[in-house]
């Protein structure tokens, strides 16, 4: 007979929380998940298939690199990953062109990265090694990747944490879950319920009290033996914690947390193929600087992406204003009429994740002090534990893989006692 004497409350039904819950329940623990939203998934946000013609992802979308935990879970669920295909293009303000990876200083960059022993911020690394005018284009490219792809601040971001990404040009394999990440969440939720996990939605946690008791904003109290907090970093500040846990949580200040604005536009036909038949990613210096297609799938959807500190420039824009900004950017890049684009628009969605009250942004990134902070936060001492993508110490911090792996690790620490 399984031992259900230990009750674990998990705060957050995102990827980390669901993964930890399943593992703990399998090990015979009594598990309750408290989720502030009216759905599971957190920053995985599936959109309506009827709206976009397929189960589009309003939040996390890509499977990065090897992602062994993600791929193992997908295999279990009978789901698969489709590799993205196509060519990266860029718009320089006047013309569209296929973007080559012809950095004449790549060997110098790799040598400086290999020789780096003590961590520096990205901005300091570039100032120290590549300050001359001849390196201006490379500096711009690196800063654009750090801000846009990693959603990080060059003046705070760790060079060592990003070294691998730079060494392969930031182009390690990427794919998408066939059926979207929502299908993976559906599988995890079913698995949790099958093993007896209780999931309470619309239950925002306000405080964790000595004892241990978890108090929701609505007044409900859940008494338990241990609590796992899997909420995004900005939300840690909003939950009252016991003194020891509060002291531990203070280390989170050394972990960066970035924002993303994401725009999805479905058109009547894939008109961009008239000029960029093999398009996958498109970069520009426009208001919405990154776009991608669903290549190799043929859905006539373009996704706009704006990540990092400069998203603050658009903080006042609501959903419709973001969609308008996206259409304006595309009109400029492709030299098309805004009216024509609007007439061909079938469906649209936009989100500034900084405005999401249960996220406060998109995902974490490393500063030179992050690894020490993660080690402190990930320890299983005390009755309040921390888990989530921000605590992942592998290469692809800030990803779904990071969240799943962290949830698995935290559950393992409890099971092993």
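Numbering (the numbering used here), first residue to last: 356 to 772. Don't be surprised by glycine CBs; every beta carbon is placed ideally from N, CA and C. This structure is a prediction, so every number in the text was calculated from the model and none was measured.
Nearest neighbour of residue i, chosen from the options [CA to CA]
i, options, result
"residue 634", "625, 575, 641, 683", "625"
"residue 538", "402, 603, 609", "402"
"residue 483", "414, 464, 622", "464"
"residue 760", "407, 428, 596", "428"
"residue 500", "724, 662, 583, 722", "662"
"residue 774", "506, 560, 433, 382", "The requested residue 774 does not occur in the structure, where the chain is confined to residues 356 to 772."
"residue 507", "572, 609, 419, 584", "609"
"residue 689", "703, 417, 600, 444", "444"
"residue 375", "543, 423, 728, 611", "543"
"residue 591", "414, 384, 674, 732", "732"
"residue 615", "772, 716, 491", "716"
"residue 540", "703, 414, 450, 490", "414"
"residue 566", "577, 560, 557", "577"
"residue 369", "451, 390, 498", "390"
"residue 371", "736, 406, 720, 584", "584"
"residue 757", "486, 735, 768, 719", "719"
"residue 434", "706, 639, 579, 535", "535"
"residue 398", "407, 417, 722, 457", "417"
"residue 451", "694, 442, 457, 741", "442"
"residue 588", "617, 697, 613", "613"
"residue 741", "394, 474, 604, 502", "604"
"residue 682", "656, 666, 729", "656"
"residue 510", "420, 737, 618, 478", "478"
"residue 388", "405, 365, 377, 400", "365"
"residue 517", "755, 750, 769, 762", "750"
"residue 324", "384, 373, 377", "Any answer about residue 324 is impossible in this case: the structure gives the chain only from 356 up to 772."
"residue 431", "618, 746, 545", "545"
"residue 475", "722, 767, 727, 730", "722"
Range of the contiguous alpha helix (DSSP H) that encloses residue i
i, result
"residue 766", "755 to 771"
"residue 388", "Unbroken run through residue 388 is the beta strand (DSSP E), 385 to 389; no alpha helix (DSSP H)."
"residue 403", "Unbroken run through residue 403: none, as it is neither H nor E."
Buried/exposed call for residue i, threshold 16 Cβ in 10 Å
i, result
"residue 653", "exposed"
"residue 744", "buried"
"residue 598", "exposed"
"residue 670", "exposed"
"residue 356", "Low local confidence applies: a pLDDT of 35 at residue 356 is under 50, so the model's placement there is unreliable, with the coordinate-based value given in what follows. The residue is exposed, with fewer than 16 neighbouring Cβ atoms inside 10 Å."
"residue 412", "buried"
"residue 649", "buried"
"residue 514", "buried"
"residue 556", "exposed"
"residue 572", "exposed"
"residue 300", "Residue 300 is absent from the model: the chain starts at 356 and stops at 772."
"residue 582", "buried"
"residue 449", "exposed"
"residue 447", "exposed"
"residue 668", "exposed"
"residue 503", "buried"
"residue 520", "buried"
"residue 330", "In the structure as shown, the chain starts at 356 and stops at 772, and residue 330 therefore has no counterpart that could be examined."
"residue 338", "Limits of the chain in this structure are 356 at one end and 772 at the other, which puts residue 338 out of reach."
Per-residue DSSP class, three states only, for residue i
i, result
"residue 514", "helix"
"residue 741", "strand"
"residue 683", "helix"
"residue 370", "helix"
"residue 692", "coil"
"residue 564", "strand"
"residue 542", "helix"
"residue 645", "strand"
"residue 382", "coil"
"residue 749", "coil"
"residue 552", "coil"
"residue 491", "helix"
"residue 661", "strand"
"residue 721", "strand"
"residue 654", "coil"
"residue 359", "Low confidence applies to residue 359: its pLDDT is 47, below 50, so where it sits in the model is not reliable, and the reading given next is rough at best. The answer is coil: DSSP assigns residue 359 none of H, G, I, E or B."
"residue 375", "helix"
Residue interval of the beta strand (DSSP E) (run including residue i)
i, result
"residue 581", "581 to 584"
"residue 532", "529 to 532"
"residue 700", "700 to 707"
"residue 478", "Note, residue 478: premise wrong, no beta strand (DSSP E); alpha helix (DSSP H) at 477 to 484."
What are the complete beta strand (DSSP E) segments, minimum 3 residues, inside the stretch 415 to 475?
-> 417 to 419, 436 to 438, 442 to 446, 451 to 453
Q: Would you mind listing the alpha helix (DSSP H) stretches within the stretch 554 to 640 that are 4+ residues and don't spill past its ends, in chain order?
A: 588 to 591, 598 to 604
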